[in-house]
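Numbers 1 to 934, taken from the UniProt record's numbering, label the letters of the sequence shown in order. Working notes for the structure below.
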Amino acid sequence: MAEIAVSFLLEKLTTFLQNEVGLLQGIPEDLEYIKDELQSLKAVLRVADSVGESNQELKVWVQQVREIAYDTEDTLDEYKLDVVNDHRHGLDAFLHQVCCFTKNLKAQHRIASKINGIKSRISNLSARRPNFDNNGTSEQGPSSIATVNPWIDRRGDALLLDRVDLVGIDNSKEQLVQWLVEGNSGRKVVSVVGMGGSGKTTLAKQVYDNTKVKKHFAVHVWITISHPLKIEELLRNMVRQLFDSIRKPVPQGVDDMDSFLLKMIIKGFLQQRRYLIVLDDVWHMNEWEMLDHALANNGRGSCVLLTTRNSEVASTSCIESEDKIFNLEPLSPDESWTLFCKKCFQKNSCPAELERHSRRILDKCEGLPLAIVAISGVLATKRHTVAEWETVYRSLGAEIEDNSRLINFKEVLLLSFNDLPYHLKSCFLYLSLFPGNHLIENMRLIRLWIAEGFVEAKEGKTQEEVAEDYLNELLNRSMIQIAGMTNDGRVKACRIHDLLREIIISNARDQNFVAVAKEQNATWPEKVRRLAIHNALANAQQNMNASHLRSLFVFDTGDPLSSSPTDTLIPNSCRLLKVLDLRAAPIENFPAEISNLRLLRYLSLRDTKITTIPSSIRKLQDLETLDLKHSQVSELPVEILKLRKLHHLLVYRYEFTSYSRFHSKYGFQALSGIGALQSLQKLCFMDVNHDNAIIIELGKLVQLRRLGITNMRKEDGKILCSSIEKLINLHALSIVSSVKEEVIDLQCLSSPPQLLQRLYLYGRLEKLPEWIPCLESLAVIYLKWSRLPNDALESLQNLPNLVHLELLQAVEGDTLRFKAGGFKELKLLGIDKFEGLRCIQVEEGAMPYLEKLSIQRCKLLERVPLGIQHLTNLKVLEFFDMPEELIMTLGPDANIPEVYYTYWRNGEWEVYSLEGSAETGRSISTESLQSRFK
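Rendered as structure tokens:
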């Protein structure tokens, strides 16, 4: 893990030495020496990482290397702060130069002294570096081993489980058996994918041993993939198993054959037989690719059953034919409870007084079979008292760390983590900052990773795109879970399994990577670098040593800071801070200390009550993200234009009651000269305020991916079109007119951004712009208050990637017709407040993949859509404030799984579900439906 800190520092050292000139003699040479030594230590650190905690002396040595890397990074950043290019006014040029020279000279002497000390420390460490043989074993001998790692790889235990010990496996097994024995005669690949401990091997073994499967295939072989993969050893094992299965001797010379000859023997053997080969625990694509061509496609209906933690391996291995991917889901609450009681109470029922505490502990397992078995096994050894079990619940992280019964569970989950490259290890450990069960927005995470310096620069990609690749890689490896998707299929939020989070919190703390304060009197390392405060703000402020702090998060502080003044929210000593996330902190004024955090890259004051931003924000020259969403800020100081590294400027809020209102988005007053911020990628929402010069300035922001503007007039249209044509990287565009009746004129846009995926137009359209139907990337379109002619939507029906269409007073007329063959990819359709609408017609073949249809406030509509039975994939039908008589015209042949009708009454939504002839009612809050009308 020290490799993370060292690799990060090496990149920083390279940049520092390239950019800093005029350093005192000796400093560059010392830094080069440190750089070279750390580079040579990286290989040792990588081997040491694989040894883990089995060698206590090595563990201390690695910790010292990490501290040197951290101290060097701190020294470089302190130098950056202390070297001044002071532009104070009122001094003549001569005095100004003298002051700067004197101050800079002192800064250089300080860094020279510190660098010299670090050089001496790393020289001593290098002399004590451990030596490893080719197998990664320390050549210092067994005397250096102070502790013995008690974990033994027990993944094979899943092959020994008795049928009676299994829970919740029957339906999955039947599905897989059916996939294996039915279908065409070509070779079939079936992949079972899920996170570590989800029961992939157990399920595959039950399928492998199934009588129907045994009879169907002439040859059966089970291969467990070792890590790291030794391909020739694996192929020899496969050859032996194949020949043993038909009771024939293994060919002579197998032990001396290379991989090519072994593959030839395997392929020749399989060519004449219908076979089933299980490849258990495939981690990487190259592991599958090395075996693929040996597994003959013999036209006999043979199968390969593959288990993996990596969804990319699963999808790629199944790409050549009509093969299947089985995503292994967590156990249901009932199945989890059955397994828990079976293991904890030896098949007896749970005592009544322990049930509530048992279920709370069980919730932490989130349906993961290995976790349930491990935790219930620990509880089985505890006294069956409420106090004992409450203690386990409160200290589950410590229990996982210290209890020998949980070593195997912990190590199985850590296998995937240990396999990550160093940059993904940083990104994954970072998730330990967030509270349990916290949904982490992917864009927030991406911006934070970039601010921390975790994201590499890659040619042809923005850092945001590289970071998105990192996120997808963690998802593919089943390290994190999708917690929310946008309507056009993008990942919106993710989360981490609760027990895996407990494990990485411990890991991150041991590495001095992250500290979490969530209790009164919480303690953390003296040189803490990243701190997340959960529900313990006042206490944390009193105890904080922040001179090495790089990131500070505040979560769920609860009560307003009346008892904890805002001037102590940010310690004076944390001048190295790069990330400050005060989202939803109960503060009303911009903390003055922020302006002195000159290394700050990420600042979030989202969901606070702050109303103004001071001009002193100009000092934050490294700021990349300024997130003021849902604050009360509506105006920015002109000094914001000095922040030339700013990538994301989010200054807007929604005011929401029930349905969409025209004036529900509030942004900030446009700044003259906004074109100076040429690194901007997201700019939302800016009130252009009838200023043509500002609209022209927008054309200079060629890096923009998302643009949102308000207060547009018809006469602004031509200039806006000219600016938009220059924004070739634009992915999302939101335009709101000045008033509901004001026309948005976009007819002059002759060369629209071809990458545009999401388009939101709020205001009158005299006609639909001709360029919209030509944008093949468009996935989401919102047209609100457009009042277009009745046939205007026909031109949208052939957009090949349109999945979400939201219409509010979008077209006029009494009939809305969806023609056969139109909207072939549409999945979500919203129709709201079509005041003259009496009939909706759906022709057979229209919207074949529509999954959700929402009809709202169409008071004259006489019945449910004609032809609704043609929407064979429709899963959800919603009515909002529609007459009950209309809802009852829904015929039984519609066959829609979920039908809801909803009314806004007394300040809240009343939602009813239509299930056959029965109706059930319940009330829900405004917030839960807010996203539907945003």
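Even glycine gets a Cβ: it sits at the ideal position worked out from N, Cα and C. All values derive from a computational prediction rather than experimental measurement.
Query	Result
Cutoff 7 Å; reference Glu639; Cβ partners in own chain excluding five residues on either side	Ser615, Ile617, Arg618
Sheet register partners of Asn327 (DSSP bridge)	Val193
Beta carbon of Pro753 nearer than 8 Å to that of Leu730	yes
Inter-residue spacing [alpha-carbon to alpha-carbon] between Val780 and Gly299	44 Å
Alpha helix (DSSP H) runs wholly inside the segment 799–840, at least 4 long, in chain order	none
Local Cβ density within 10 Å of Ser672, reported as buried at 16 or more and exposed below that	exposed
Residues that DSSP places opposite Asp581 in a beta bridge	Phe553, Ser604
Residue environment, Val278, which counts as buried when at least 16 other CB atoms sit within 10 Å	buried
Extent of the continuous beta strand (DSSP E) run through Gln481	481–485
Cβ contact check for the segment 180–200 and the segment 239–247: 3 or more pairs under 8 Å	no
Contact between the segment 475–485 and the segment 397–412 (3+ Cβ pairs under 8 Å)	no
Three-state secondary structure assigned by DSSP to Arg501	helix
Cβ shell of residue 965 (< 7 Å), same chain only, five flanking positions each side left out	In the structure displayed, the chain extends from 1 to 934; residue 965 sits before or after that span and is not available.
Three or more C-beta pairs below 8 Å linking the segment 409–421 and the segment 203–218	no
Contact belief for Leu305 with Leu180 at Cβ below 8 Å, rounded distance in angstroms	7 Å
Same chain only: Cβ atoms within 7 Å of Leu746, ignoring 5 sequence neighbours per side	Gly717, Cys721, Pro769
Contact between the segment 431–440 and the segment 484–503 (3+ Cβ pairs under 8 Å)	yes
DSSP-derived helix/strand/coil call for Lys859	coil
Local Cβ density within 10 Å of Thr211, reported as buried at 16 or more and exposed below that	exposed
Burial state of residue 936 (16 or more Cβ within 10 Å)	No answer is possible for residue 936: it lies beyond the span of the chain, which begins at 1 and ends at 934.
Sub-8 Å separation of Leu424 and Leu475 beta-carbons	no
Residues bridged to Ala493 (per DSSP)	Glu441, Gly484
Ala48 beta carbon less than 8 Å from that of Leu58	yes
Contacting residues, own chain, Cβ-Cβ under 8 Å from Asn403 (five flanking each side not counted)	Val378
Cα-Cα separation, Phe345 to Arg383	12 Å
Local conformation of Met686 per DSSP, three classes	strand
Span separating the alpha-carbon of Arg863 from that of Lys827	22 Å
N- and C-terminal bounds of the alpha helix (DSSP H) containing Trp179	170–181
Proximity to Tyr659 [Cα-Cα], best of Arg905, Leu31, Glu715	Arg905
Lys875, buried or exposed, once every other Cβ within 10 Å from all chains shown has been counted against 16	exposed
Euclidean distance between Cα positions of Ile724 and Gly199	52 Å
Ser7 (DSSP reduced to helix, strand or coil)	helix
For Leu291, the nearest candidate out of Gly301, Ser259, Thr308, Tyr275 (CA to CA)	Ser259
Extent of the continuous alpha helix (DSSP H) run through Val392	386–394
Sequence-distant residues of the same chain with beta carbon closer than 8 Å to Ala457, five excluded per side	Gln463, Val466
Cβ shell of residue 940 (< 8 Å), same chain only, five flanking positions each side left out	Since the displayed the chain opens at 1 and closes at 934, residue 940 lies outside it and no answer follows.
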